[in-house]
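Data block below; observations after.
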Amino acid sequence: MNKVSARQKRINFTGWMFMLPALVFGTVFLIVPIVMCFVFSFTDFYMLRPESTLFVGFENYVDLFSDAIFGKAITNTLLFVVVVVPLQCLLALVLALLVNKRWRGCGVFKLAYFAPVITSMTVVALLFQIFYQRDGGIFNLLLSLFGVEAQGFLQDEGQAMLCICFMSVWQGAGYQMIIFLAGLQGVSRELYEAADIDAANAWDKLVHITLPSIAPVTGFVVIITLVGAFKVFTQVQIMTNGGPNNSTITVVYYIFQKGMSEQLVGYGSAISMLFTLVFVAASLLRGGAAKGVGLYRRYRERVLGGY
Amino acid sequence: MVRKRVTKILLYVLNTALGLLFLFPLLFMFVSAFNPARTLPSQITSLGDFLPAYFTFDNIVSVFTRIPMLRYFANTLLYALGTVVGVLIVNGMAGYALAKINFRGNRVIYNFIVIMLIIPFEGITLALYLVVRTLGLLDTPLAVILPSFFSCFYVFMFRQFFLGVPNALIEAAEIDGASPFGTYIKIVVPTAVPVFITVFILEFIGKWGDYYWPMLTLTSEGWYNVQLAIKEFSTASPYHWGTVMASLAVVTVPVLVVFLCLQRYYIEGIATQGIKDM
Chain Y
1 MNKVSARQKR
11 INFTGWMFML
21 PALVFGTVFL
31 IVPIVMCFVF
41 SFTDFYMLRP
51 ESTLFVGFEN
61 YVDLFSDAIF
71 GKAITNTLLF
81 VVVVVPLQCL
91 LALVLALLVN
101 KRWRGCGVFK
111 LAYFAPVITS
121 MTVVALLFQI
131 FYQRDGGIFN
141 LLLSLFGVEA
151 QGFLQDEGQA
161 MLCICFMSVW
171 QGAGYQMIIF
181 LAGLQGVSRE
191 LYEAADIDAA
201 NAWDKLVHIT
211 LPSIAPVTGF
221 VVIITLVGAF
231 KVFTQVQIMT
241 NGGPNNSTIT
251 VVYYIFQKGM
261 SEQLVGYGSA
271 ISMLFTLVFV
281 AASLLRGGAA
291 KGVGLYRRYR
301 ERVLGGY
Chain S
1001 MVRKRVTKIL
1011 LYVLNTALGL
1021 LFLFPLLFMF
1031 VSAFNPARTL
1041 PSQITSLGDF
1051 LPAYFTFDNI
1061 VSVFTRIPML
1071 RYFANTLLYA
1081 LGTVVGVLIV
1091 NGMAGYALAK
1101 INFRGNRVIY
1111 NFIVIMLIIP
1121 FEGITLALYL
1131 VVRTLGLLDT
1141 PLAVILPSFF
1151 SCFYVFMFRQ
1161 FFLGVPNALI
1171 EAAEIDGASP
1181 FGTYIKIVVP
1191 TAVPVFITVF
1201 ILEFIGKWGD
1211 YYWPMLTLTS
1221 EGWYNVQLAI
1231 KEFSTASPYH
1241 WGTVMASLAV
1251 VTVPVLVVFL
1261 CLQRYYIEGI
1271 ATQGIKDM
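Those sequence lines, one after another, are chains Y and S. The first sequence begins at 1 in my numbering and counts up one residue at a time. The second sequence begins at 1001 in my numbering and counts up one residue at a time.
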């Protein structure tokens, strides 16, 4: 048995003292809520009558499976993800390629692309709500120039979610652009110089040098865009309140609606738990995938002698 | 050579076009804020109605006279600065401990924090609301300030930065007889100013634009932040499109100024570890 030296004891004490504020706040405002959420999800906790709370086992989860609005919230969220993630990532990549030059004026363009990110989502959502109006909205006025009749946009069940997607792509692309730019700056100049000697054209350089070099960054950008897209809430709350006819209701909005508006904390917690579980599962999958790719690379290196 | 010049011009044209497209909604907002037309949106019938006949400050003035906008600015500033101070102290110290103090449990806590990075805030809001309510903080500034103090992301960010601080620097201070806390404040923090500024601006801009959590916890109008205020204002009557635009513009200007002053740090924060949203 080895005794802990006096010095190590002192170091332990110092370390824990430095951690103390983080531990206190982390416990109260992160760990406790997670545990509470887990526990509540198995109860029928109703905020107006907390004293009559009962354990109901998996009832909330079972109910969710037959909850048509929850199904709608999932499909809407998936629609948002499927539309926004590829568009936003692609747009961000194009923007990054466009401003990744040392020319005069590129800083200004970068700022222009980034300005919507700085503007708060509330401001952007209120602004676009006005743009999307049927009467006097700028989009309808523009359409009328081409003889297209006024569209419902946010009031139209079929269009509302796509309108929110369009706005979100515009608002957020600058953020991903910055990360792409950081990646582009890391691409080795020698590769381009070698390509110049081989008289490669710009397209070849893009496909064979730039894109493969920034592949890890691209993966990272896709992940953070995915994560952000799954959490879509503010736009919906401000622009449509989930309507018309639940056509823009999303999972996070449904948590809010059930748990806060209707005060059904038990039910809302069950949705929250499922929502959180998706994130945990996805990150486990990602860890697994990364390991798989690593193994495959090592295998290839051994068999093919590198690439 | 000619081809190179042509591509260069082409790229400039493309950038200008896209740049205008990106800026258009914001330009529209700022121009409309000075538009004297006191119209309802439904009274607008052609694109020409959006062009102001002349520029006026009436809309801006009425944003400050019809609602206590200065109060909302003060509230928001209080929430943002209050949060930032706590964030820098709490997460800075934790990041330092994890990076430079080899205490028992260091690895366990670090791994735990990395796992906790995955938990989405939106997944715990209901329970967090109940915690805040139990503590009696609802509808007080502390309701929006305290829950933001600890952040796995910022601990992680500070740790990564402090790992790069040379051990010799810390050991030298200890040999000179400085206490661990004294070493941290006098020796380590001054070398870490960039990461402190980065966290400051990320959190400040985040808090300025925060909507979801304040909406849940702040119920009296007197405590509203600017985002809640403009949402409320945009639904209040009489609804003048120019004044609504002015309110949006007024809320956007301060954060644009902060960004322009500290943009290098903000962009570095995103570019090097843009995992805030995870």
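All residues carry an ideal CB built from backbone N, CA and C; glycine is no exception. All values reported here derive from a predicted model rather than from experimental measurement.
Inter-residue spacing [alpha-carbon to alpha-carbon] between residue i and residue j
i	j	result
G1123/S	S272/Y	5 Å
I1275/S	Y1054/S	Model confidence at I1275/S stands at a pLDDT of 44, short of 50, so the residue's coordinates are unreliable; what they give is reported in the following sentence. Near 45 Å, if we compare the C-alpha coordinates of Y1054/S and I1275/S.
I164/Y	G1019/S	21 Å
F256/Y	L1126/S	8 Å
V278/Y	F58/Y	18 Å
N245/Y	T1217/S	27 Å
T248/Y	P216/Y	33 Å
N201/Y	F1153/S	42 Å
V1257/S	A281/Y	40 Å
Y1265/S	G1206/S	14 Å
V123/Y	L48/Y	33 Å
R1071/S	N1106/S	44 Å
Y1224/S	I1089/S	26 Å
P1165/S	R10/Y	In the sequence as presented, Pro is not what sits at residue 1165/S; that position holds Val. Straight-line Cα distance between these residues: approximately 22 Å.
N1075/S	V85/Y	35 Å
E1174/S	L1081/S	33 Å
N1059/S	Y253/Y	33 Å
T43/Y	K291/Y	38 Å
G288/Y	I1270/S	26 Å
V207/Y	F230/Y	30 Å
R189/Y	L211/Y	14 Å
F65/Y	G71/Y	8 Å
is_contact[residue i, chain Y] using C-beta, thresh 9 Å
i	result
D1277/S	Only weak support is given to the placement of D1277/S: the predicted model assigns it a pLDDT of 41, under 50, and the value that follows is read from those uncertain coordinates. Chain Y, which has a Cβ nearer than 9 Å to the Cβ of D1277/S, makes this yes.
S1062/S	no
G1123/S	yes
G1274/S	Below a pLDDT of 50, predicted positions are generally treated as unreliable, and G1274/S, at 47, falls in that range; the measurement from the model is reported next regardless. Taking Cβ atoms only, chain Y reaches closer than 9 Å to G1274/S, which makes this a yes.
K1231/S	yes
S1293/S	The structure shown does not extend to residue 1293/S, since chain S is modelled only from 1001 through 1278, so no value can be given for it.
P1068/S	no
T1016/S	yes
D1049/S	yes
Short Cβ contact (9 Å threshold) for residue i with residue j
i	j	result
I1009/S	A1236/S	no
S1032/S	A1246/S	yes
L87/Y	V169/Y	yes
F29/Y	L1128/S	yes
I1109/S	L1117/S	no
K1231/S	Y1211/S	yes
G136/Y	D1049/S	yes
I1197/S	F114/Y	no
C89/Y	V99/Y	no
V1188/S	Y1096/S	yes
F128/Y	M239/Y	yes
G158/Y	R134/Y	no
A1249/S	R1159/S	no
W1091/S	V1155/S	The identity of residue 1091/S in the sequence shown is Asn, whereas the question assumes Trp. Yes, Cβ-Cβ distance for N1091/S and V1155/S is below 9 Å.
W1213/S	V1255/S	no
V117/Y	Q185/Y	no
Contacts of residue i in chain Y (Cβ-Cβ under 7 Å)
i	result
Y1212/S	F233, T234
R1104/S	N12
P1180/S	T14
V1155/S	A22
Closer than 9 Å to chain S by CB, residue i
i	result
S322/Y	Lying outside 1 to 307, the shown extent of chain Y, residue 322/Y is not represented and no answer is given.
F70/Y	no
C163/Y	no
F18/Y	yes
P116/Y	yes
Y307/Y	Confidence at Y307/Y is low in this model, with a pLDDT of 38, below 50, so the placement of that residue should be treated as unreliable; the coordinate-derived value is given next. Taking Cβ atoms only, chain S never reaches closer than 9 Å to Y307/Y, which makes this a no.
Interface partners of residue i on chain Y, CB under 9 Å
i	result
F1200/S	Residues of chain Y passing the Cβ test: none, with the nearest at roughly 15 Å.
W1208/S	S120
Interface residues of chain Y facing residue i [CB-CB closer than 8 Å]
i	result
Q1160/S	What Q1160/S touches in chain Y: nothing, since even the nearest Cβ is about 15 Å away.
Y1096/S	F18
A1271/S	I178, I179, L181, A182
Interface partners of residue i on chain S, CB under 7 Å
i	result
G242/Y	Correct list: empty, because the minimum Cβ distance to chain S is about 14 Å.
Q43/Y	Correcting the residue type first, residue 43/Y is Thr in the shown sequence and not Gln. Here the premise fails: no neighbours, minimum Cβ distance about 12 Å.
Partners in chain C for residue i, counting only beta-carbon separations shorter than 7 Å
i	result
I238/Y	This model lacks chain C altogether; the protein chains it does include are Y and S.
Partners in chain S for residue i, counting only beta-carbon separations shorter than 8 Å
i	result
Y46/Y	By Cβ distance, chain S contributes nothing, its closest Cβ being about 12 Å from Y46/Y, past 8 Å.
request  = Starting from the N-terminal side, write out each stretch of the alpha helix (DSSP H) that is 4 residues or longer and does not extend beyond the segment 1031-1112 of chain S.
outcome  = 1058-1066, 1069-1100
task = At 4 residues or longer, and completely inside the segment 137-179 of chain Y: list those alpha helix (DSSP H) runs for me, N to C.
result = 138-145
inquiry  = So within the segment 1109-1144 of chain S, which uninterrupted alpha helix (DSSP H) runs reach at least 4 residues, ignoring any that extend past its ends?
reply    = 1125-1134
ask   = Going along the chain, which unbroken runs of the alpha helix (DSSP H) with 4 or more residues stay wholly within the segment 220-265 of chain Y?
value = 234-239, 251-256
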